[in-house]
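Those letters in the sequence shown? Residues 0 to 312, by numbering that gives the first Met the number 0.
We put the beta carbon where it would ideally sit given N, CA and C, even for glycine.
The structure presented is a predicted model; accordingly, all values stated were derived computationally and were not measured.
Single-structure report; data block below.
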Amino acid sequence: MTVNKPYKLTIIIAAYNVEDFIKPCIMSFIKQSRAWSQLIIVNDGSTDNTLNIISNIITNQKNIFLVQKENGGLSSARNAGIDFSINNTDFISFLDGDDLLSPDYLESFLAYYDKNTDIIEFNIQRFSCDRKKISLIRICNSFENNEMNYKTFEIVLKKYNWHACGRFFNSNLLSMNRFTINRRYEDFILVPHLYLLAKKIKAIPSPLYLYRTNPNSITKNAKPSDIDDIIYGFNKLKEKLNTSQVYILKKRTSTHITKVIINIPQSNRDVAFIKKANFLKKSKLRIKLHFYSYLFLFNTKQIFKKIHSLRLR
Numbered sequence: 000m001t002v003n004k005p006y007k008l009t010i011i012i013a014a015y016n017v018e019d020f021i022k023p024c025i026m027s028f029i030k031q032s033r034a035w036s037q038l039i040i041v042n043d044g045s046t047d048n049t050l051n052i053i054s055n056i057i058t059n060q061k062n063i064f065l066v067q068k069e070n071g072g073l074s075s076a077r078n079a080g081i082d083f084s085i086n087n088t089d090f091i092s093f094l095d096g097d098d099l100l101s102p103d104y105l106e107s108f109l110a111y112y113d114k115n116t117d118i119i120e121f122n123i124q125r126f127s128c129d130r131k132k133i134s135l136i137r138i139c140n141s142f143e144n145n146e147m148n149y150k151t152f153e154i155v156l157k158k159y160n161w162h163a164c165g166r167f168f169n170s171n172l173l174s175m176n177r178f179t180i181n182r183r184y185e186d187f188i189l190v191p192h193l194y195l196l197a198k199k200i201k202a203i204p205s206p207l208y209l210y211r212t213n214p215n216s217i218t219k220n221a222k223p224s225d226i227d228d229i230i231y232g233f234n235k236l237k238e239k240l241n242t243s244q245v246y247i248l249k250k251r252t253s254t255h256i257t258k259v260i261i262n263i264p265q266s267n268r269d270v271a272f273i274k275k276a277n278f279l280k281k282s283k284l285r286i287k288l289h290f291y292s293y294l295f296l297f298n299t300k301q302i303f304k305k306i307h308s309l310r311l312r
């Protein structure tokens with residue numbers, strides 16, 4: 000028997016010390032709010048003015064709810080939002096407290112809404128603090144008949160884009176699954192497992208999520224222990240994959256680790272090299288040589304990007 004839930008979509012905001020960004024974040028929902036949508040804001044023990052700003056904005060908003068908790072990190076906050084809404088919504092999506100929804104976020108969701116779909120993908124638009132568009136994170140995949148199977152999962156695996164904020168998840172997928180707490184790169188640990196559980200996928204080929212580039216994000220301030228979390232995610236996922244899929248995953252994970260090392264201070268890189276060497280069962284010297292070759296190409300690419308952007312001005 001099909002159960003009609005009060006909301007078609009619940010958006011969960013994890014908010015921690017985002018006093019400079021939380022108002023436009025919430026307003027990006029309010030400006031397009033519909034009766035079939037709700038916003039859950041989880042204040043994760045903020046110590047700045049975040050809570051007061053939230054409280055003032057959501058007064059008289061019937062479909063916005065505030066959840067208060069002690070600080071526990073992004074995964075813990077998202078899980079609290081899931082727990083609060085899991086039984087009254089068909090789909091769940093995630094919004095970070097310093098990001099924005101595109102103006103057509105809800106209407107685009109409604110156009111693709113189908114209770115029998117497990118995951119609805121969409122792209123993510125990066126933007127700078129001065130609101131300039133930077134680059135697109137292409138989440139969307141192309142599947143025949145929208146079915147998730149061995150071949151289509153390999154497409155997702157090769158793409159290796161696990162951003163939870165770039166998907167609408169059927170709440171049934173999350174009924175027994177949560178983000179792992181006390182780990183960074185929580186999306187990589189959970190999202191692939193949800194794809195393995197999914198049977199039907201849809202893709203909205205539009206950037207519905209607006210991602211603010213932040214110099215203080217974990218991707219810009221990496222540390223050697225981040226590699227442990229990535230390897231943890233790899234080990235959890237490989238248990239459910241066949242040999243060829245594990246091979247693909249290991250290659251993508253290796254590249255992921257290299258990108259993390261780029262953002263680790265040089266004084267800590269030796270520890271990171273050892274961790275990657277142990278993961279790949281290769282010598283530290285070989286890992287270092289590969290890294291600095293990759294870094295040279297990476298920096299060269301960034302220079303050409305800057306030159307190109309200057310020409311377009």
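Check: State the start and end residues of the unbroken beta strand (DSSP E) segment that holds Gln37.; Outcome: Ser36 to Asp43
Check: Looking at Ile203: is its Cβ nearer than 9 Å to the Cβ of Lys274?; Outcome: no
Check: Flag Val41 as yes if its beta-carbon sits less than 9 Å from any beta-carbon of chain D, otherwise no.; Outcome: This model lacks chain D altogether, as it is built from one protein chain only.
Check: For Phe83, tell me which candidate among Gln124, Ser170, Asn148 and Thr46 has the shortest Cα-Cα distance.; Outcome: Ser170
Check: Measuring only the C-alpha atoms, how far is Ile302 from Tyr6?; Outcome: 47 Å
Check: Buried or exposed: where does Ile119 fall if 16 or more other Cβ atoms within 10 Å of its Cβ makes it buried?; Outcome: buried
Check: In angstroms with no decimal places, state the Cα-to-Cα distance between Phe295 and Asn234.; Outcome: 30 Å
Check: Buried or exposed for Thr46, going by 16 or more other Cβ atoms inside 10 Å?; Outcome: exposed
Check: So which of Ile261, Arg211, Arg251 and Ile180 has the shortest CA-CA distance to Leu73?; Outcome: Ile180
Check: Measuring only the C-alpha atoms, how far is Asn78 from Glu238?; Outcome: 24 Å
Check: Quick one: what does DSSP say Leu279 is sitting in, helix, strand or coil?; Outcome: helix
Check: Using DSSP with H/G/I as helix, E/B as strand and the rest coil, what is Asp97?; Outcome: coil
Check: Based on the DSSP secondary-structure assignment, which residues constitute the bridge partners of Leu209?; Outcome: Leu99 and Gln124
Check: Along the chain, where does the alpha helix (DSSP H) that runs through Thr116 open and close?; Outcome: Element bounds for Thr116: n/a, residue is neither H nor E.
Check: Going by alpha carbons, who is nearest to Lys61 out of Val41, Ile81, Ala34 and Thr49?; Outcome: Ala34
Check: What are the complete alpha helix (DSSP H) segments, minimum 4 residues, inside the stretch 160 to 247?; Outcome: 170 to 173, 185 to 196 and 223 to 237
Check: On the DSSP bridge assignment, give the partners of Thr88 in chain order.; Outcome: Tyr6
Check: Determine the closest residue to Lys283 out of Lys158, Phe272, Phe93 and Lys222, with distance taken between C-alpha atoms.; Outcome: Phe272
Check: Quick check: Ser92 and Thr9, are their CB atoms within less than 9 Å of each other?; Outcome: yes
Check: Between which two residues does the alpha helix (DSSP H) harbouring Ser27 extend?; Outcome: Ile21 to Ile29
Check: Please state whether the Cβ-Cβ distance between Ile39 and Gly80 is less than 9 Å.; Outcome: yes
Check: Check whether the Cβ atoms of Tyr104 and His255 lie closer than 9 Å to each other.; Outcome: no
Check: Taking Cβ positions, are Ile136 and Arg125 nearer each other than 9 Å?; Outcome: yes
Check: On the premise that Asp97 lies in contact with Arg211, defined as a C-beta separation below 8 Å, what is that separation, rounded to the nearest angstrom?; Outcome: 5 Å
Check: Could you tell me which residues DSSP pairs with Leu65 in its beta bridges?; Outcome: Ile40
Check: Would you check if the distance between the CB atom of Val66 and the CB atom of Asn87 is smaller than 9 Å?; Outcome: no
Check: Nearest to Gly232 by CA position, among Asp95, Met26, Phe187 and Ile200, is which residue?; Outcome: Phe187
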